[in-house]
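Worksheet: the structure to be examined is printed underneath.
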Amino acid sequence: MMFWESKPQRRRLLFLLLLATLSPGCGGPEAGDASPGFFMDKGQLEAQRAEKIHRGEGLYRYYCLLCHGEEGRGDGYNASTLEVPPRDLADQSFMRKVSEEQLYSVVARGSSAIGKSPLCPPWGRVLKEEEIRDLIVYVRNLGRGAPFSAQGLN
Amino acid sequence: MYQWFAILSLAVLVSFEATVMWDSRREWKGWQRAFETLEGSLPLANGTAKGKGDSGGRTKRRPDRNGAYEIRQIVLDPLGRIDRCPTCHLGIDRSELAGVRQPFRSHPGPFLSQHPPERFGCTSCHRGQGMATRALAAHGRVEDWPEPLWTALYVQASCEKCHPISLLREPVFLQGRKLFSRYNDLEGAPLLSEGRKLFQERGCWACHKVEGYRGLEKLGPPLSRIREKVRPAWLLQWLKDPRAYLPRTIMPNFGLNQQQAMALTSYLLTLESATPSVTPSALPYPGSASLKTVAGGAASIEIQGKPRLENEPSGAHLDEAASERGSQIFRRSRCVSCHSLDGRGGLLGPALDQIGDKVNRAWLIRWIYDPRSYYPSSHMPRFRFSQEEREDLVGYLLGKRSGEESTREEELINMARKDRELIREGRRLVKELGCFGCHEIPGFDRETEVGPELTRFGGKRVEELDFGKLAGKIGFTPQAWTLKKLQAPRVFRGTLKMPDSPLSTEEAGALSVYLVSLTGEQVPAAYLHRKKGRSSEELPPQGAFGRLLRDLRCFTCHSIGEKGGDLAPALSIEGSQVTEEWLSEFFRRPNFLRPILTARMPVFNLSPGEIRTLAEYMRVVLVDDKVDQDLDGTLEGGKERSRMSGEGAQMYERLGCRGCHQVGLSGGSIGPEMTRVGARLKEGWIFQWLKSPQRYRPRSLQPDYGLSDHEARALAVYLANLKQ
């Protein structure tokens, strides 16, 4: 007698086959074995930061360079005419102590907003928030070893 | 019998099982599962239970663990597209996922909020195959799909079909470049913007037809009377290598050999224009102080009969003193604002370093006297010089030579000009090379462009492009082909005719983005986004003022309304901004306003009558009533004004204006001097300007201090009092 000819055996067989049909299967790439860090894309983050610096550089050269100079050292074309010299933005020993919020205040509301001379004007109504943030990223990058070169971005 | 039944039913069961398993192993389900893992691993925003609850800003339901994985699609009826991209790109609108790997990364920039997917979908900008659900197919990287995905740089090319530019018949000088549209810049698409500008500026449209680029002013000067203007030896050298004479010229190098260049030279030198070389429009300047000298000296210019202008020895009239005077006239008139000499100067006109090699003396005198009699759409203004001044200036300029001898070539050319065969060859070359695309040439008015039409270049499939010798050596994409073509036009085959026109790698990249954007695709009207500007049908200024404007070519640098360039301040409301006294004095002797700028207004030597015309028109017509509002009416008497003035003085210190502006001897050199600002600017204008500078000049360095009306008025009163 063939194994499928007895009733209880048939039932068992059918049950097994039905069970097999209902299995979900293990499809798809990278499911289940992923750790949280697996998803972060370091290259992408780096590229985004480089973008911010590039945009910030454009803004710096247009709005800030005339007083703060090519490398942020406070030696711009207009600096010699000012009673109070422009801040050396590449001086990491000083910049390290300046918080993000303070930097944002200076750019958006002028140097008078943090108790300094009024010579650095407020740009908050001229620049958008993202632009000011990009500018801050650029300024933080000044004087950090070799400044991140915008030419490398291509 | 039963065995067969058993086997068949088993086979059916197995195939059923296989189908179910295959369906459950779909690629996109795997991605959705992976996304779940990602979400589970994210740091929580508000400390609620892991994975459950609402995180703000999401529009799509998370697939839950019961296996409710589904295909998500956007159906766009107006565009005839169905996009299933959100099936795998689940994090596209989640800004916290900016740094994760694809396909879960969020969309960069403000593009998604500006172009909501429900209305635009994905493939209308990124292309690819929207209905596919496997990555490779969805990205269009399969055989026969005509629209593969565009990468990050080229996706800008999609902007063109909804954000087209509108072209002007006459070029404007914007940002120092000669462009045919004011609206090239598209925020968020820098490569496309640059590509558009290059296409207009370099004259690609002169040889390649593109829809919309019709009836534009020709980029080069007319050649109908070139015989009067240039020395034949120069013309030969120029045709062989334009950039040897003018490094920045847009005239391409056609790679002509000696024979071809000689043929072209002899042909061009036979051209005659229907109009006589001296036109009656060249009347002396009305109201000009040098009227008498002009009329008296006219005979020396040569007016009647055939001008003896050809092959004149140029050294004949030079002498030291005259050359020195000419040099002073050159400096005084500020010709360097437009022309460069010894590497310094403007770029609007050609460099004058070797002008003595190029032009004939009589032509140059005539040119300075009245440029538009030779070249009607030239940007050169008509300076008011006396005859002696003209001669001195020309004497000085013709001293600028390279010092190379060219007599042998002159002889050769003289012989060639009698060779009719060669002349015919020259004519044939003109027809073949398409010189008439950029230059007006008699007899070639109705020719069509010589290069292939590019209106639908972006719609070409890569199989339609001829890779020639480089087949298999560069990427098999339209972008790679275009980039290669722009950098080395004849590299694909030896028989190609496109001339060399140097582009840097960045320029070639930008231009290739623009070229692939020319798909000729029509979008529904609701999606078209045209820049709103005043109608270009508006009349330019008329009457005596209009004539002066055209004579002096003010619109090269200045603008009134939508007409004109942006190299100098806009004059649309100049009458409300400055006092008439200052304006008249400025026309007489334009002085430096802003120390950091290098370009200066040239000195035209205008007569008092002409100055009066200009100043009066500005005072009466170029005004803005809102700016002119009488502020004094609200302040009673001198005491009130002096109180406000005191307040204003304090504000001037408090705001740190001295950092950029000079008053007396102290202050910065970024903005205009304030010492006598009250004599220059009107009080109403100072008020409006201080309230919101960027409204009048969007890129101004003047900060917006957020002043109240009272504060701005106080400052305006103070500044208007600074008149000494």
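Line by line, the protein sequences are chains V and P. Mapped onto our numbering, the consecutive letters of the first sequence carry residue numbers 1 to 154. Mapped onto our numbering, the consecutive letters of the second sequence carry residue numbers 1001 to 1724. For every residue, glycine included, the Cβ atom is placed at its ideal position computed from N, Cα and C. Here the structure is a predicted model, which is why all the values come from computation and not from measurement.
The Cβ atoms of G1130(P) and C1088(P) do not sit closer than 8 Å to each other.
Neighbours of R125(V) in chain P, taken as residues at a C-beta separation under 7 Å, are given in chain order as D1704 and G1706. Rounded to whole angstroms, the separation of the alpha carbons of R1366(P) and C1657(P) is 49 Å.
Each of D1342(P), E1580(P) and K1626(P) was checked against the Cα of I1611(P), and the nearest Cα belongs to E1580(P).
Residues of the same chain with a CB within less than 8 Å of the CB of A1649(P), apart from the 5 flanking positions on each side, are Y1718 in chain order. At a cut-off of 8 Å, the C-beta of R1654(P) has a neighbouring C-beta in chain V. For the segment 1655-1681 of chain P, the residues whose beta carbon sits under 9 Å from a beta carbon of chain V are, in order, L1655, G1656, C1657, R1658, G1659, C1660, Q1662, S1666, G1667, G1668, S1669 and I1670.
The distance from the Cβ of E100(V) to that of I136(V) is about 7 Å, consistent with a contact at the 8 Å cut-off. By a beta-carbon distance limit of 8 Å, D1566(P) does not contact L1168(P). Their separation comes to about 14 Å.
Residues of chain P whose Cβ lies closer than 8 Å to the Cβ of Y63(V) are, in chain order, L1701. Assigned with DSSP and collapsed to three states, M1644(P) falls in helix. With contacts defined as CB atoms closer than 8 Å, L1223(P) and H1379(P) fail to qualify as a contacting pair.
A distance below 8 Å between beta-carbons, with the five flanking residues on each side excluded, links Y1183(P) to the following residues of its chain, in chain order: I1165, S1166, K1531 and G1533. Bounds of the alpha helix (DSSP H) holding I136(V) are E129 to N141.
Contact check for F1330(P) against F1604(P) fails: the beta carbons are separated by 8 Å or more. One alpha carbon belongs to L1707(P), the other to K1723(P), and they sit about 24 Å apart. As summarised for the segment 1675-1707 of chain P, there are no continuous beta strand (DSSP E) elements at least 3 residues long confined to that stretch. At a cut-off of 8 Å, the C-beta of V1100(P) has a neighbouring C-beta in chain V. With fewer than 16 other Cβ atoms inside 10 Å of its own Cβ, E70(V) counts as exposed.
Note that the segment 1182-1201 of chain P does not touch the segment 1322-1339 of chain P; fewer than 3 beta-carbon pairs, one per stretch, sit closer than 8 Å.
Here the alpha carbons of P1502(P) and G1472(P) stand approximately 25 Å from one another.
Collapsing the DSSP output to three states places Q1354(P) in coil.
Taken in chain order, the members of the segment 44-60 of chain V whose beta-carbon sits within less than 9 Å of a beta-carbon on chain P are Q44, L45, Q48 and E51.
A Cβ-Cβ distance of about 6 Å is found for the pair L1715(P) and L1690(P), placing them in contact under the 8 Å criterion. Among the residues facing chain V, F1104(P) is included, as its CB has a counterpart in that chain under 8 Å away.
Nearest to R140(V) by alpha-carbon distance, out of Y77(V), S6(V), G76(V) and S93(V), is S93(V). For the pair H1126(P) and D75(V), the Cα-to-Cα distance works out to about 46 Å. Of the residues assessed, T1482(P) falls on the buried side of the cut-off, its CB having 16 or more other CB atoms within 10 angstroms. For P122(V), the nearest beta carbon of chain P is closer than 8 Å to its own beta carbon.
The alpha carbon of M1651(P) has as its nearest neighbour, out of R1695(P), H1710(P), W1685(P) and G1609(P), the alpha carbon of H1710(P). For the segment 1129-1158 of chain P, there are no residues whose beta carbon sits under 7 Å from a beta carbon of chain V. Check the Cα spacing between L1348(P) and each of L1013(P), P1171(P) and L1010(P): the tightest is with P1171(P).
Residue nearest to P1078(P) within the set P1117(P), D1392(P) and P1524(P) is P1524(P) (criterion: CA-CA distance).
The beta carbons of T1477(P) and L1518(P) sit no closer together than 8 Å. Rounded to whole angstroms, the gap between the alpha carbons of A113(V) and L66(V) is 21 Å. Per DSSP, reduced to three states, the secondary structure at G1326(P) is helical.
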